[in-house]
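Protein chains in written order, with my numbering: chain Y, 480 to 700; chain D, 480 to 700. A quick write-up on the structure given underneath.
Number of protein chains: 2
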Amino acid sequence: MLEKKGPSSVEIADWVRGQIRRRRLVPGQRLVEIDIIRQTGGSRFKVREALQRLDAEGLVDVEEFRGASVRNATMEEVRQLYHARGAMEGICAADFTARASAAQKAELNAIAEQMEACVAGPAPEQFSRLNAQWHNLIMDGAGDHVIKSIVQRLNTPIHHLVFETFYRGERLRAAVQDHRVIVDAVMAGDAKAAESAMRAHVINGLDFLSRLDESVHFGED
Amino acid sequence: MLEKKGPSSVEIADWVRGQIRRRRLVPGQRLVEIDIIRQTGGSRFKVREALQRLDAEGLVDVEEFRGASVRNATMEEVRQLYHARGAMEGICAADFTARASAAQKAELNAIAEQMEACVAGPAPEQFSRLNAQWHNLIMDGAGDHVIKSIVQRLNTPIHHLVFETFYRGERLRAAVQDHRVIVDAVMAGDAKAAESAMRAHVINGLDFLSRLDESVHFGED
DNA sequence: GATGACGAAATTGTTGACAATATCGCTGAT
DNA sequence: ATCAGCGATATTGTCAACAATTTCGTCATC
């Protein structure tokens, strides 16, 4: 008999993280323990452990006697997160160039081509999925697992922002161009060029976001 | 009346982190809840919350029914942590060049000069303290608080390794030279040069460590 | 003497009840 | 009508007892 054990604190933390990524929980919203218990089936103890984890990750803010709430990033914090991410993914691009297998490099190119074909399409979800695949492939092929986990943690608070940008056609076209430059550098075996191109690519995303921010303010309540 | 409350989970986590940094707790060592309760005065609940936090930070490893133990970094993990740190501190060096006040830049130079005078001295602790001050000043002056907190988290598992290197005179001399190059770039207002010099400086530390690792193996039990 | 089963001790996981605190609505006086 | 004070309710913090699991020592057997 498989007795259904309740979820572990790690699984509960993953669940909350997923809710935040899907925008079912928005910045500033309070996380009431009872609600999480009802929705995940976990015990109160495990829920509180999970919230401590998320607080350590910087994703939620736990205040004494006032509970947890989803942290909301200022534009300056977003800027720093993007710069950090650009630097880390740049390292991965260089390592990918030097260490990835031929098959992985071919797949990188294949995904980039799929994205090119997808630019005109109406579904940003598809594009976003391919984009995630592409970036993950680089970090995996580089063998930089520690850096990958850091990047994923950095990304969670700004995940929805990244997704927002994919609703704009111009951003899609720019991203595809950036990817082409990076793939070419990788294929040519030029690690330094791949690194700086990847870094520029991420910073381009930040610039695009900054311009959006000037017209529509994300950070407001 | 100030009733002395027990330490919070954050304070307990800080205590454990400090013990690990001071090498009173070494990699692989098991962290028994009872012992931490006795030494910190915290309740079991808070101790467990603290251990979850540290697990989320990647500093300890919590296994089901087997408790927490200090995580033991492989040389490959150390390599990635150094590369990540180099990239992040590089960003800070560039931002420092662009954004720091004249007073902060003068202080940066002053600390560098103190370190130069300290090279011949017998106390690596003094040098290590100045080094930490110098690196913190750059991150503070750059205004990159988010990046600073990431760097500090990355550093904890390798803190003792960084300290080890300061026992060797040749490393001290090399570090002082690197610092001079960085300070000069900052003073000249050349952000790009400051960034690449800072990055090279951190990677130099890694190289030194790698050479040490070939003769003396740190990672063994 | 080596090996495996068994059980006691140590350690961690879980639960529920209770205390402390904040939040919000209500009452009443001005 | 407005606001201060007060109390009820919701939520979080704490603790102690109990259950589950691992670990280690013991003893019998081959």
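From the three backbone atoms N, C-alpha and C, an ideal C-beta is built for every residue, glycine too. Here the structure is a predicted model, which means the values were calculated and not measured.
- Taking 8 Å as the cut-off, the beta carbon of Ala-670/D is found closer than this to the beta carbon of Ala-577/D.
- Within the region 657-686 of chain D, no residue has a Cβ lying closer than 7 Å to any Cβ of chain Y.
- Within the region 535-602 of chain D, complete alpha helix (DSSP H) segments of at least 4 residues are found at 554-578, 581-597, given in chain order.
- The beta carbons of Thr-635/D and Ile-499/D sit closer together than 8 Å.
- Looking from the CA of Ser-522/Y, the closest CA among Ala-589/Y, Ser-487/Y, Leu-651/Y, Val-625/Y belongs to Ser-487/Y.
- Ala-579/D counts as buried, since no fewer than 16 other beta carbons sit within 10 angstroms of its beta carbon.
- Using a Cβ-Cβ cut-off of 7 Å, Val-625/Y is close to Glu-556, Gln-559, Leu-560 of chain D, given in chain order.
- Nearest CB-CB separation between Met-618/Y and chain D: not below the 8 Å threshold.
- Within chain D, no residue has its beta carbon less than 8 Å from that of Ile-491/Y; the closest one is some 11 Å off.
- Restricted to the region 605-678 of chain D, the alpha helix (DSSP H) segments that are unbroken, complete and at least 4 residues in length are 624-634, 638-644, 648-666, listed in chain order.
- With respect to chain Y, the C-beta atom of Gln-531/D has a partner C-beta closer than 8 Å.
- A Cβ-Cβ contact shorter than 8 Å links Asn-683/Y with Ala-653/Y.
- Residues of the region 560-590 of chain D whose Cβ lies closer than 8 Å to any Cβ of chain Y, in chain order: Leu-560, His-562, Ala-563, Ala-566, Met-567, Gly-569, Ile-570.
- At least one beta carbon of chain Y lies nearer than 8 Å to the beta carbon of Glu-536/D.
- Using a Cβ-Cβ cut-off of 7 Å, Ser-488/Y is close to Gln-531 of chain D, given in chain order.
- Secondary structure note for Gln-518/D: its alpha helix (DSSP H) is the uninterrupted segment 512-519.
- Partner residues in the beta bridge of Arg-509/Y, as assigned by DSSP, are Ser-548/Y.
- By the neighbour-count criterion, in which 16 or more other beta carbons inside 10 Å mark a residue as buried, Phe-575/Y falls on the buried side.
- If you draw a straight line from the Cα of Gly-569/D to the Cα of Leu-685/D, it is about 15 Å long.
- In the three-state scheme derived from DSSP, where H, G and I count as helix and E and B as strand, Gly-485/Y is classed as coil.
- Interface flag for Ile-637/D against chain Y is unset, since no Cβ pair is found closer than 8 Å.
- Nearest neighbour of Glu-543/Y by Cα position, chosen from Arg-527/Y, Ala-552/Y, Glu-556/Y, turns out to be Arg-527/Y.
- A Cβ-Cβ contact shorter than 8 Å links Ile-626/Y with Gln-559/D.
- Closest in alpha carbon position to Glu-649/Y, among Glu-604/Y, Ala-599/Y, Leu-609/Y, Arg-659/Y, is Ala-599/Y.
- For Arg-496/Y, the three-state secondary structure derived from DSSP is helix.
- In the structure shown, the three-state DSSP call for Leu-504/D is coil.
- Interface with chain D (8 Å Cβ-Cβ cutoff): Glu-528/Y is included.
- Close CB contacts of Asp-623/D within its chain, under the 6 Å cut and outside five residues either way in sequence, are with Cys-571, Asp-574 (chain order).
- In the structure shown, Ser-689/D falls within a helical segment according to DSSP collapsed to helix, strand and coil.
- Nearest C-alpha to His-562/Y among Phe-687/Y, Arg-678/Y, Leu-688/Y: Arg-678/Y.
- With respect to Val-505/Y, Val-549/Y sits close: the two C-beta atoms are nearer than 8 Å.
- Pairing Ala-667/Y with Arg-608/D, the inter-Cα distance amounts to about 45 Å.
- At a beta-carbon threshold of 7 Å, the residues of chain D lying near Ile-629/Y are Ala-563, ordered along the chain.
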